[in-house]
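Chemist: After the structure tokens below, expect a handful of questions from me.
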Amino acid sequence: MPKGKAAKAAAIAAARVSTSVAANAEFVERARVAAEYENVSNRSAANTSFAAGEASPYPTPRASPASPANQQPIDWLTVQGANLHNLQNVTANIPLKRLVAVTGVSGSGKSTLARDVLLTNVQVAVQKRSTKAGRDALDAGEKIQWTGCEGVTGFESIDRVLEVDQTPIGKTPRSCPATYIGFWDTIRKLFADTLEAKARGYAANRFSFNTGEGRCPGCEGQGIRTIGMSFLPDVKVLCETCKGARFNPETQAVSWRGKNIGDVLQMEVDEAVDFFAAMPVIAHPLQLLKDVGLGYLTLGQPSPTLSGGEAQRIKLVTELSKVRDDIGKRGNKAPHTLYVLDEPTVGLHMADVEKLIRVLHRLVNGGHSVVVIEHDLDVIAEADWVIDLGPDGGNAGGQVVAAATPEAVVQLGTHTGVALAAVLAR
Ligand SMILES: Nc1ncnc2c1ncn2[C@@H]1O[C@H](COP(=O)(O)OP(=O)(O)OP(=O)(O)O)[C@@H](O)[C@H]1O
Ligand SMILES: [Mg+2]
Ligand SMILES: [Zn+2]
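To convert, note that position 372 of the sequence shown is 371 in numbering that gives the first Met the number 0; the numbers rise steadily by one, no gaps.
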């Protein structure tokens, strides 16, 4: 099959025409004409371009088999006329409850579109709709003040918007994975429920390293002491009283299955999964941590010492553990969350990228929408839908050059498509 420059240009032009279609329903209808996809390359080869009224060359966004969104009509979130920074009057259609990758060369406008325009505006819209007064005002015809674009439609089904970034999960060393994700409280109750604790009259707060009588007085539960040095940076040394255990000897005298609370804090996630296997409320988030490649962290590692990538995955685990809670609450529909992630794979090892992809799919399978800005070809290849910006960086970018499934982006031959071809061929 010939693939000339003209053919590529025609396909890219077709992509532009179709992504600028304003009417949502129309776009969905066209996208559904999946059979048309078969003809894309042939038509492009014959150098025919698609007129605005013609069927879209795009197949329907994929849905993973486990997704409840599968088989249901696709809802589209649409950003119209985005013109912030280098964006050139961009209209982007984002299928909800799917894994959507925003791609393109550096400086093409990915962060501008996904964060500065999409995230910012949907946040405002969702906030407005979250109160009765706000909904009434919108119903009465009040217009939302959009920033960086002409408008956004299709946000009504979204309950919550969240950016999962790599900023630290806590600035104080009093925060750690166990407290951030929230299962530390359950572990404290577990210790308070032991016969030994009851005999001593210890309640759950006794097993806190942040407050109360249970913690080591020498370091106030931090395990380390900070020594201020004049003219020099502070020095951190292991607490000589507790040797890093963070609790006082009386508290450490209480044990559950042979471990005291200080041991648990120093336990690695991998070990803790087995140790708490009989306690699903604790074991489930631990297993999720393991699933995303964080099995080597200790439960009590101070948050400020976590890397950006680790912090980001802990945030994802926190969200994933909620997905299960939501399903557990009978009758309550899980709040549909739109997650936006800007390059979550930065700094990740290849094996961890694979794990991250699985987490993103799980969020989608839990009924959520995920928009991920990515350069990583493995992530892009796994997306249900790709919004490719370009063609180049800065003023030479800022346009949607493809909006399609990964396979179709390859056919369209954009920079991303060319790079993606090899990955999809594997
Ligand atoms: N606050 C700003 N003011 C003016 N121009 C900006 C601003 N932020 C970004 N730009 C410009 O807009 C263009 C798109 O930037 P953006 O950050 O969206 O790119 P990107 O696709 O996310 O790139 P990268 O992959 O490097 O993160 C770039 O040319 C950038 O210089
Ligand atoms: Mg960026
Ligand atoms: Zn101490």
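Every residue, glycine too, gets a C-beta built ideally from N, C-alpha and C.
From a predicted model like this one, the values you see are computed outputs, not experimental measurements.
Is any heavy atom in ligand 1 found nearer than 7 Å to the beta carbon of H414?
Modeler: The residue you call residue 414 lines up with position 415 of the sequence shown. False, no ligand heavy atom lies under 7 Å from that Cβ.
Chemist: At what residues does the alpha helix (DSSP H) containing D262 begin and finish?
Modeler: Stepping through the sequence shown from its first residue, residue 262 is reached at position 263. Counting along the chain, the alpha helix (DSSP H) containing D262 begins and ends at I260 to L264.
Chemist: Ligand 1 heavy atoms versus the CB of T428: any closer than 7 Å?
Modeler: Any question about residue 428 goes unanswered here, given that the chain covers just 0 to 425.
Chemist: Identify the continuous alpha helix (DSSP H) that holds H96 and give its terminal residues.
Modeler: Taking the sequence shown and counting its residues from 1, one reaches residue 96 at position 97. Checking the sequence, you will find Lys at residue 96 rather than His. Counting along the chain, K96 falls outside any alpha helix (DSSP H), and DSSP gives it neither H nor E.
Chemist: Using a strict less-than 7 Å threshold between each residue's beta carbon and the heavy atoms of ligand 2, what residues do you get?
Modeler: Residues with a Cβ closer than 7 Å to any heavy atom of ligand 2, in chain order: K109, S110, D341, E342 and I372.
Chemist: Using the rule of at least 16 other Cβ atoms within 10 Å of the residue's Cβ for burial, across every protein chain shown, is V253 buried or exposed?
Modeler: Translated into the one-based positions of the sequence shown, residue 253 becomes position 254. Buried.
Chemist: For L112, tell me which candidate among K142, G299, A91 and I157 has the shortest Cα-Cα distance.
Modeler: Sequence index remark: in the sequence shown, residue 112 carries index 113 (1-based). The residue with the shortest Cα to Cα distance from L112 is A91.
Chemist: Quick one: grab the DSSP three-state call for F190.
Modeler: The sequence position of residue 190 within the sequence shown is 191, counting from 1. It is helical.
Chemist: Taking DSSP as the reference, what is the three-state secondary structure of P232?
Modeler: The residue you call residue 232 lines up with position 233 of the sequence shown. Three-state result, P232: strand.
Chemist: Distance check for I73 and V27, CA to CA, integer angstroms please.
Modeler: Counting from 1 along the sequence shown, the entry for residue 27 is found at position 28. Counting from 1 along the sequence shown, the entry for residue 73 is found at position 74. Unreliable placement is indicated for V27, whose pLDDT of 40 sits below 50; the coordinate value is still reported in the next sentence. Roughly 7 Å separates the two Cα atoms.
Chemist: Give me, in chain order, the residues of the same chain whose beta-carbon lies closer than 7 Å to that of A24; leave out the 5 immediate sequence neighbours on both sides.
Modeler: Taking the sequence shown and counting its residues from 1, the one referred to as residue 24 is at position 25. For A24, the pLDDT reaches just 39, beneath the cut-off of 50, and the residue's location in the model is therefore unreliable, although a value from the coordinates is still provided. Counting only Cβ-Cβ distances below 7 Å, and skipping sequence neighbours, we find nothing.
Chemist: Per DSSP, which residues does R214 bridge with? Please list them.
Modeler: Here residue 214 refers to the residue found at position 215 of the sequence shown. Answer is F246.
Chemist: Tell whether a beta-carbon distance below 8 Å holds between A81 and G147.
Modeler: Numbered from 1 along the sequence shown, position 82 holds the residue referred to as residue 81. Numbered from 1 along the sequence shown, position 148 holds the residue referred to as residue 147. Cβ atoms of A81 and G147: closer than 8 Å.
Chemist: Taking the alpha-carbon of I186 as reference, which of K170, E155 and N204 has the nearest alpha-carbon?
Modeler: Counting from 1 along the sequence shown, the entry for residue 186 is found at position 187. Checked all of K170, E155 and N204; the closest Cα to I186 is N204.
Chemist: Does any heavy atom of ligand 3 sit closer than 7 Å to the C-beta of G213?
Modeler: Locating residue 213 in the sequence shown gives position 214, where the first residue counts as 1. Outside the cutoff, so no.
Chemist: Among V399, A350 and V263, which residue has its Cα nearest to the Cα of L293?
Modeler: By 1-based counting over the sequence shown, the position of residue 293 is 294. Nearest option by C-alpha distance: A350.
Chemist: Can you tell me which of G217, F274 and L287 puts its alpha carbon nearest to the alpha carbon of V236?
Modeler: Reading the sequence shown from its first residue, position 237 is the one you call residue 236. The residue with the shortest Cα to Cα distance from V236 is G217.
Chemist: Opposite R312 in the DSSP bridges: which residues?
Modeler: Numbered from 1 along the sequence shown, position 313 holds the residue referred to as residue 312. BP columns for R312 are empty, so no partner.
Chemist: CB-CB under 7 Å to G106, same chain, minus the five flanking residues each way: which ones, in chain order?
Modeler: Locating residue 106 in the sequence shown gives position 107, counting from the first residue. Around G106: G392, G393 and G396.
Chemist: In terms of DSSP beta bridges, what is E267 paired with?
Modeler: Along the sequence shown, read from residue 1 onward, the residue named residue 267 stands at position 268. Answer is T297.
Chemist: For Q122, which residues in the same chain have their Cβ closer than 7 Å to its Cβ, ignoring the five residues on either side in sequence?
Modeler: The count along the sequence shown starts at 1 and reaches residue 122 at position 123. Around Q122: V160.
Chemist: Less than 8 Å between the CB atoms is what I'm expecting for L419 and L376, so what's the real figure, rounded?
Modeler: Residue numbering aside, residue 419 sits at position 420 when the sequence shown is read from its first letter. Residue numbering aside, residue 376 sits at position 377 when the sequence shown is read from its first letter. Contact flag correct, Cβ pair sits at about 6 Å.
Chemist: Residues in its own chain within less than 6 Å of N88 by CB, not counting five upstream and five downstream?
Modeler: If you number the sequence shown from 1, residue 88 lands on position 89. Here the set comprises G80 and N82.
Chemist: Per DSSP, which one or two residues make a beta bridge with Q398?
Modeler: Position 399 of the sequence shown, counted from the start, is the residue given in the question as residue 398. Q398 is bridged to G389.
Chemist: Going by DSSP, what residues sit across from R224 in a beta bridge?
Modeler: Taking the sequence shown and counting its residues from 1, the one referred to as residue 224 is at position 225. Answer is V236, bridged to R224.
Chemist: Buried or exposed for V400, going by 16 or more other Cβ atoms inside 10 Å?
Modeler: For this step, residue 400 is matched to residue 401 along the sequence shown. Buried, by the Cβ-count rule.
Chemist: Near G169, which residues of its chain fall below 6 Å by C-beta distance, leaving aside the five closest residues on each side in sequence?
Modeler: Numbered from 1 along the sequence shown, position 170 holds the residue referred to as residue 169. If we look at G169 and ignore the five residues flanking it on each side, its Cβ neighbours are S302.
Chemist: Run through DSSP, which three-state label would A202 get?
Modeler: In the sequence shown, the residue the question calls residue 202 occupies position 203. DSSP places A202 in coil when its eight states are reduced to three.
Chemist: Should M266 go down as buried or exposed, given a rule of 16 or more other Cβ atoms within 10 Å for buried?
Modeler: The residue labelled residue 266 in the question sits at position 267 within the sequence shown. Classification of M266: buried, given that the 10 Å Cβ count is 16 or more.
Chemist: Report buried or exposed for I226, applying the criterion of at least 16 other Cβ atoms within 10 angstroms of its Cβ.
Modeler: Translated into the one-based positions of the sequence shown, residue 226 becomes position 227. Classification for I226: exposed.
Chemist: Return the CA-CA distance between R256 and L194, expressed in angstroms with no decimal places.
Modeler: Position 257 of the sequence shown, counting from 1, holds the residue named residue 256. Position 195 of the sequence shown, counting from 1, holds the residue named residue 194. Roughly 12 Å between the two C-alpha positions.
Chemist: Taking DSSP's pairing of strands, which residues face Y338 in a bridge?
Modeler: The residue labelled residue 338 in the question sits at position 339 within the sequence shown. BP columns for Y338 point to L161 and V369.
Chemist: Less than 8 Å between CB atoms is the rule here; does L362 satisfy it with respect to chain B?
Modeler: Chain labels in this structure do not include chain B; a single protein chain is all it has.
Chemist: Let me make sure I understand the geometry here. Which of Q398, H367, G365 and L355 has the alpha-carbon closest to that of E373?
Modeler: Translated into positions along the sequence shown, residue 373 becomes position 374. Looking at the Cα atoms, L355 is the closest of the given residues.
Chemist: May I ask you to check if the CB of G307 is nearer than 7 Å to at least one heavy atom of ligand 1?
Modeler: For the purposes of this step, residue 307 is taken as residue 308 along the sequence shown, with counting starting at 1. For ligand 1, not one heavy atom lies less than 7 Å from the Cβ of G307.
Chemist: Look up G106 in the DSSP assignment and say whether it is helix, strand or coil.
Modeler: As a first step, residue 106 is located in the sequence shown; it is residue number 107 there, counting from the start. If DSSP states are grouped into helix, strand and coil, G106 belongs with coil.
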